[in-house]
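Protein chains in written order, with our numbering: chain A, 55 to 352; chain B, 4 to 227. Where a beta carbon is used, it is the ideal one built from N, C-alpha and C, also for glycine. Inspection log for the structure reproduced underneath, given as structure tokens.
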């Protein structure tokens, strides 16, 4: 058992190191398609200029094997752990941390991690409670899915929470999302993915908003009522005219994704977490035997 | 796109009709300029109008939060000439070659709004002409830029792979102890395309876009 665990831990560590760099250099096809579609829709001249430059930048990152954006972000992982996966989450976390450090040192990548008060660097993109991991546990399964989402600070700084009251209803949710994105203007590098978390509690709503930005672009919530709200907000946000990089235009967001949780009868929380146009993510499926299957689309 | 043969401190301009495709008011006629920095002649700056496209040649200076805190809050004179300079909001990814020499790895641009309070002293005390970053400056920058003959250039945030290819060389570094928030002198070629976000005539694309969006919000709320 311990031998298997050790091998598995190395497999997860290797995967994390690979995923971090891969995510930073090679953006997923669904995002490339969404950016190309945005360029086709945009009619403002500064907006066109921005989208043409973005697509050129993605092509140069491919050709030169360079990073798409210089901000290597804060390392965020989402893990779906099968009930029978033979490596405890404690060890999975260690593996993700070591993988993040190795990628940062070996590439090398810019290290952004600092102590939140002293502002001193705490390590190669790691530190106390860094990286950040979202966990989900899956019954009757022995696999592990890992997704790396390097999160840039320009967009993370544009995060907003409001404890609407039940009497504000869905209208209050829509208004808050709209005013947040208009207020953010060009700062979060639009057009990106607007992640919205609704329900649960204050902290959980923001957690769900972050979950929402990790989904492939344009996927829809499995609850049709929530999916309908995603469609409506997507349309409304693109009517604001903020445009690419906030310079005015038709395309303000590439998508709006919503994750939800049931909540208390007196609560109506809404959280917004923005993901910039360079919405980087990369995934791997790891079997109980330690076989790693990298997945560009997940 | 770039007009060849321009010399230092001069702008070359051509005008493009936007046609009827754009529904966005105020930006119906846009010029393309090639500009070589540093620029000390204010007339060159006054040729640039909000919305115009600009490609930059010559030398630019990388600067960030901590660099400007040192200059203005700690009162330390910058060891580089900023007269007529084009400043870039950046903390570049670099590789050290030896004694004060660095090569580029990945150079991109950061959010400008955090540094807006330095606009007026940069122009008034040091004669800076251009500030380039992403995401724009709030309205506080409009009046100092008009008064002092300065322009805010909007770059495409996140497009660091492209930006890196347009920086030919890191020529000088000062205040290495602030790494990566040092003062950097870069030689650039065809740096851009940039958009004039705020011009020296008192126009701000960000102000116009935000005002229109606030009006639009009222209409959208009424429909909810």
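CB of residue 185 of chain B within 7 angstroms of CB of residue 124 of chain A, strictly: As a first step, residue 185 of chain B is located in the second chain; it is residue number 182 there, counting from the start. As a first step, residue 124 of chain A is located in the first chain; it is residue number 70 there, counting from the start. No, the pair does not count as a contact, with Cβ atoms beyond the cut-off.
Chain B contact residues for residue 107 of chain A, given Cβ-Cβ distances below 8 angstroms: Within the first chain, the letter at position 53 stands for residue 107 of chain A. Simply 159, 162, 165, 196.
Minimum Cβ-Cβ distance from residue 212 of chain B to chain A less than 7 angstroms: Along the second chain, read from residue 1 onward, the residue named residue 212 of chain B stands at position 209. With 7 angstroms as the cut-off, residue 212 of chain B counts as an interface residue toward chain A.
Alpha carbon of residue 29 of chain B to alpha carbon of residue 72 of chain B, nearest angstrom: Taking the second chain and counting its residues from 1, one reaches residue 29 of chain B at position 26. Taking the second chain and counting its residues from 1, one reaches residue 72 of chain B at position 69. Its pLDDT being 47, under 50, residue 29 of chain B is placed unreliably in this model, and the coordinates cannot settle the point.
Nearest neighbour of residue 130 of chain A, chosen from A:186, A:166, A:347, A:246 [CA to CA]: As a working mapping, residue 130 of chain A is identified with position 76 in the first chain. Ranking the options by Cα distance to residue 130 of chain A, first place goes to A:186.
Any chain A beta carbon closer than 7 angstroms to residue 188 of chain B: As a working mapping, residue 188 of chain B is identified with position 185 in the second chain. Chain A, which has no Cβ nearer than 7 angstroms to the Cβ of residue 188 of chain B, makes this no.
Status (buried if at least 16 other CB within 10 Å, exposed otherwise) for residue 348 of chain A: As a first step, residue 348 of chain A is located in the first chain; it is residue number 294 there, counting from the start. Label assigned to residue 348 of chain A: exposed.
Uninterrupted alpha helix (DSSP H) stretches inside the segment 90 to 175 of chain B (no shorter than 4 residues): 122 to 129, 145 to 151, 163 to 169
C-alpha gap between residue 45 of chain B and residue 105 of chain B, whole angstroms: Position 42 of the second chain, counting from 1, holds the residue named residue 45 of chain B. Position 102 of the second chain, counting from 1, holds the residue named residue 105 of chain B. In a straight line, the C-alpha of residue 45 of chain B is about 33 angstroms away from that of residue 105 of chain B.
Rounded Cβ spacing between residue 87 of chain B and residue 152 of chain B (contact assumed at less than 8 angstroms): Taking the second chain and counting its residues from 1, one reaches residue 87 of chain B at position 84. Taking the second chain and counting its residues from 1, one reaches residue 152 of chain B at position 149. Between residue 152 of chain B and residue 87 of chain B the Cβ distance is about 10 angstroms, and since that is not below 8 angstroms, they are no contact.
Sequence-distant residues of its chain with Cβ nearer than 7 angstroms to residue 350 of chain A (five each side left out): Counting from 1 along the first chain, the entry for residue 350 of chain A is found at position 296. Closer than 7 angstroms at the Cβ level, and outside the excluded window around residue 350 of chain A, lie 82, 83.
Beta-bridge pairing of residue 190 of chain B - partner residues as DSSP gives them: Taking the second chain and counting its residues from 1, one reaches residue 190 of chain B at position 187. Looking at the DSSP assignment, residue 190 of chain B forms a beta bridge with B:62, B:172.
According to DSSP, residues forming a beta bridge with residue 139 of chain A: Position 85 of the first chain, counted from the start, is the residue given in the question as residue 139 of chain A. In the DSSP output, where bridge partners are listed per residue, residue 139 of chain A has none listed.
Within chain B, the residues that residue 114 of chain A reaches when beta carbons sit closer than 7 angstroms: Taking the first chain and counting its residues from 1, one reaches residue 114 of chain A at position 60. Simply 164, 165, 168.
Where residue 61 of chain A falls: helix, strand or coil (DSSP): Within the first chain, numbered from 1, the residue matching residue 61 of chain A stands at position 7. Residue 61 of chain A falls in the helix class under three-state DSSP.
Beta-carbon proximity check, residue 354 of chain A vs residue 169 of chain A, cutoff 7 angstroms: Coverage of chain A is limited to positions 55 through 352, which leaves residue 354 of chain A absent and any answer about it impossible.
Cβ-based burial, residue 319 of chain A [other Cβ within 10 Å; buried from 16]: Taking the first residue of the first chain as position 1, residue 319 of chain A is located at position 265. Flag for residue 319 of chain A reads exposed.
7 angstroms Cβ cutoff, residue 111 of chain A in contact with chain B: Residue numbering aside, residue 111 of chain A sits at position 57 when the first chain is read from its first letter. Chain B contact via Cβ: present.
Helix, strand or coil at residue 217 of chain A according to DSSP, with G and I counted as helix: Here residue 217 of chain A refers to the residue found at position 163 when the first chain is read from its first residue. Residue 217 of chain A falls in the strand class under three-state DSSP.
Runs of beta strand (DSSP E) lying entirely within the segment 245 to 279 of chain A, each at least 3 residues, in chain order: 246 to 253
Beta-carbon proximity list for residue 181 of chain A, same chain, < 6 angstroms, skipping 5 on both sides: Looking up residue 181 of chain A in the first chain gives position 127. Excluding sequence neighbours, residue 181 of chain A sits near 167.
Beta-carbon spacing of residue 171 of chain B, residue 192 of chain B below 7 angstroms: Counting from one through the second chain, the residue named residue 171 of chain B turns up at place 168. Counting from one through the second chain, the residue named residue 192 of chain B turns up at place 189. Yes; because the gap between Cβ atoms is below 7 angstroms, this pair is in contact.
Beta-carbon proximity of residue 266 of chain A to residue 325 of chain A, cut-off 7 angstroms: Taking the first residue of the first chain as position 1, residue 266 of chain A is located at position 212. Taking the first residue of the first chain as position 1, residue 325 of chain A is located at position 271. The answer is no: Cβ separation not under 7 angstroms.
Positions along the segment 168 to 202 of chain A whose CB lies within less than 9 angstroms of some CB in chain B: none
Below-7 angstroms beta-carbon distance, residue 146 of chain A vs any chain B residue: Taking the first residue of the first chain as 1, we reach residue 146 of chain A at position 92. False, the Cβ-Cβ gap to chain B never drops below 7 angstroms.
Beta-ladder partner(s) of residue 327 of chain A, from DSSP: Translated into positions along the first chain, residue 327 of chain A becomes position 273. Answer by DSSP bridge pairing, in chain order: A:213, A:249.
Cβ-Cβ distance between residue 287 of chain A and residue 231 of chain A below 7 angstroms: Within the first chain, residue 287 of chain A is the residue found at index 233, counting from 1. Within the first chain, residue 231 of chain A is the residue found at index 177, counting from 1. Result yes, Cβ atoms of residue 287 of chain A and residue 231 of chain A sit closer than 7 angstroms.
7 angstroms Cβ cutoff, residue 305 of chain A in contact with chain B: Along the first chain, read from residue 1 onward, the residue named residue 305 of chain A stands at position 251. So no, residue 305 of chain A is outside the interface.
Closer than 7 angstroms to chain B by CB, residue 317 of chain A: The residue you call residue 317 of chain A lines up with position 263 of the first chain. Not one chain B Cβ lies under 7 angstroms of residue 317 of chain A.
For residue 216 of chain B, the first and last residue of its enclosing alpha helix (DSSP H): As a first step, residue 216 of chain B is located in the second chain; it is residue number 213 there, counting from the start. Counting along the chain, the alpha helix (DSSP H) containing residue 216 of chain B begins and ends at 208 to 226.
contact_flag[the segment 198 to 213 of chain A, the segment 139 to 148 of chain B] where n(CB pairs < 8 angstroms) is 3 or more: no
Identity of the residues DSSP links to residue 134 of chain A by a beta bridge: Position 80 of the first chain, counted from the start, is the residue given in the question as residue 134 of chain A. Paired residues: A:190, A:199.
C-beta neighbour in chain B for residue 86 of chain A, strict 7 angstroms: If you number the first chain from 1, residue 86 of chain A lands on position 32. No, because no Cβ of chain B sits closer than 7 angstroms to the Cβ of residue 86 of chain A.
Residue 94 of chain A (DSSP reduced to helix, strand or coil): The residue given as residue 94 of chain A occupies position 40 in the first chain. Correct three-state label for residue 94 of chain A: helix.
Local Cβ density within 10 Å of residue 279 of chain A, reported as buried at 16 or more and exposed below that: As a position in the first chain, residue 279 of chain A is number 225, starting the count at 1. By the neighbour-count rule (16 or more Cβ atoms within 10 Å), residue 279 of chain A is not buried but exposed.
Under 9 angstroms by beta carbon: chain A residues contacting residue 56 of chain B: As a working mapping, residue 56 of chain B is identified with position 53 in the second chain. Here the neighbours are 99, 100, 103.
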